[in-house]
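Protein chains in written order, with our numbering: chain W, 1 to 384; chain S, 1001 to 1128.
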């Protein structure tokens, strides 16, 4: 996409004005690194007064080519008038003889660059090009900062919302208990306490997951690559979910080579297996089944977790890895979760330049397939 | 005869607790925890007042429910409960006619709600 920068040339010599217009008319600059292309639209003014008028209007230029010596208001006076007026506008001073003093003076007053008369069209283009690059850089930086701020704001908003919901629930129950407002059956109160504890547990999970997420995203926490046995990691994860599984008569099978060596951060691999397995149990049906397989290939490791659970639609699958997206429907209503597990999983897999594949259909179970390339054959997952 | 309040929220605990508290305060409470249930409930038993959470499964489900309530009976007061106002910088209220014309709620309260305030709003809207 070509952006057009507006150039205003202010000079009392008509020849200078038309010369600049001619030199920039068909001039286009491509900045590969900024992924941008710039063209120029040139307007002119023959006095400082007209220049000021224009700079204060909505037709403000992006680049101002300003003659130092003008009949009425001088170039320096114009710079003074516009001090702090519009930082995005870059001023290039045109000086008849570039003395050091003039340069210092004008820079103090906010000029960005100089052109000494007489100059060739190429010299002009070179100077304008520099200014254009600077403008583009600033615009890109600002846009990026805005987007980042917006994303951060949205994220914090959702976190606040997700924490407020359990807070409101627990508060409601405590109030009833405090006022003994639910009759005389102690069972009713016990249920409320149970529910409150469950919601607090949910809050705790959100907070812990948030910490995992920031740990990964900040890139500041030291990751410790070590040669791990993924089969052992998987076994530990299976043992962790076994109590929950057996409570609902869900069988968990692990099919893996005796030992699968893979260089990775232990904590990250724990999170991968734990998240996959917890989901496979949570979204399963009673008497269901979970199959965990690890395949060891030369150039990669493939981890597969298949459940016989409630599954999901293609539309739900699309949203799966977004933060705080929990698939909400009749079937998932009573399932607690932070809505962060899979987005954490995705971030970790990305760190290893791996891929996640999801196969699922409503009531037909879900299979997550994670492929992690071995480091030797890819970019290192642990950049120095 | 005690007045009927329809309570709509996707948070089952929020419903349980507030249903009890409202019943303690002398109201009959019907509850729904999805947009679909709420619309069914509306046709089965038109309430005297409705308390609707904005954040149902579809982000604007609460708006639709209050619209449907007002469509069936413009006189039914609607209290909209929301946890989004401050969180999302999405500011709306129901203080002016213009706002009421599109919000379709009589009062907007912020979660976590103070029960006394909710009760006060209910009494005022039901002219008790």
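For glycine and all other residues, C-beta sits at the position ideal for the given N, C-alpha and C.
As the structure is a computational prediction, the values presented were derived from the model and not from experiment.
Interface criterion not met: the Cβ of residue 1063 (chain S) is under 9 Å from no Cβ in chain W. A distance below 7 Å between beta-carbons, with the five flanking residues on each side excluded, links residue 231 (chain W) to the following residues of its chain, in chain order: 256, 257, 258, 259, 260 and 294.
In this structure, residue 275 (chain W) and residue 342 (chain W) form a Cβ contact; the two beta carbons are roughly 7 Å apart against a cut-off of 8 Å. A straight-line Cα-Cα distance of about 50 Å links residue 155 (chain W) and residue 68 (chain W).
If you compare the alpha carbons of W:283, W:301, W:290 and W:291 with that of residue 310 (chain W), the shortest gap goes to W:283. With fewer than 16 neighbouring CB atoms inside 10 Å of its own CB, residue 239 (chain W) falls in the exposed class. Distances from the alpha-carbon of residue 1024 (chain S) to those of S:1121, S:1126, S:1125 and S:1115 put S:1115 closest.
Taking the Cα positions, residue 49 (chain W) is about 57 Å away from residue 215 (chain W).
In the structure shown, residue 49 (chain W) falls within a helical segment according to DSSP collapsed to helix, strand and coil. No residue range can be given for residue 1113 (chain S), since it is assigned to no beta strand (DSSP E) and is classified by DSSP as neither H nor E. A straight-line Cα-Cα distance of about 22 Å links residue 354 (chain W) and residue 316 (chain W).
Within 10 angstroms of the beta-carbon of residue 1051 (chain S) lie 16 or more other beta-carbons, which makes it buried.
Here the alpha carbon of residue 1005 (chain S) sits roughly 51 Å from the alpha carbon of residue 303 (chain W). Proximity of residue 1113 (chain S) to chain W, defined by a Cβ-Cβ separation below 9 Å, is satisfied. As for any beta strand (DSSP E) of minimum length 3 sitting wholly inside the segment 242–326 of chain W, the runs are 251–255, 261–265, 289–296 and 300–307, ordered along the chain. Residues 290, 305 and 307 of the same chain have their beta carbon placed closer than 6 Å to that of residue 280 (chain W), with the five preceding and five following residues left out of the count. From the listed residues W:347, W:218, W:40 and W:366, the smallest Cα separation to residue 135 (chain W) is found for W:40. Taking a beta-carbon distance threshold of 9 Å, residue 181 (chain W) counts as an interface residue toward chain S.
Around the C-beta of residue 313 (chain W), fewer than 16 other C-beta atoms lie within 10 Å, and the residue is accordingly described as exposed. At the C-beta level, residue 1079 (chain S) and residue 1121 (chain S) come within 9 Å of one another.
Closer than 9 Å to the CB of residue 1121 (chain S) there is not a single CB belonging to chain W. Taking the Cα positions, residue 1067 (chain S) is about 12 Å away from residue 1106 (chain S). In this structure, the CA atom of residue 197 (chain W) is about 48 Å from the CA atom of residue 140 (chain W). For residue 1080 (chain S), the beta-bridge partners assigned by DSSP are S:1052 and S:1108. Interface criterion not met: the Cβ of residue 204 (chain W) is under 9 Å from no Cβ in chain S.
For residue 78 (chain W), the CB contacts under 7 Å within the same chain, skipping 5 residues up- and downstream, are 48, 51, 52 and 66 in chain order.
In the pairwise beta carbon analysis, the segment 55–62 of chain W is classified as touching the segment 2–9 of chain W: at least three pairs are separated by under 8 Å. Assignment of residue 221 (chain W) by DSSP, reduced to helix, strand and coil, places it in the coil class.
Each residue's CA atom was taken as its position, placing residue 115 (chain W) and residue 11 (chain W) some 13 Å apart. Remark: C-beta atoms of residue 1076 (chain S) and residue 1049 (chain S) approach each other more closely than 9 Å.
Neighbours of residue 1039 (chain S) in chain W, taken as residues at a C-beta separation under 9 Å, are lacking, since the least C-beta distance is about 15 Å.
Closer than 8 Å at the C-beta level to chain W, one finds these residues of the segment 1020–1054 of chain S: 1020, 1021, 1024, 1033 and 1034.
In the three-state reduction of the DSSP assignment, residue 180 (chain W) falls in the coil class. The contact set of residue 176 (chain W) on chain S, defined by CB atoms closer than 7 Å, consists of 1017, 1020 and 1021 in chain order.
In the structure shown, residue 196 (chain W) adopts helical secondary structure according to DSSP, grouped into three states. Look at residue 1013 (chain S): its C-beta is under 9 Å from a C-beta on chain W.
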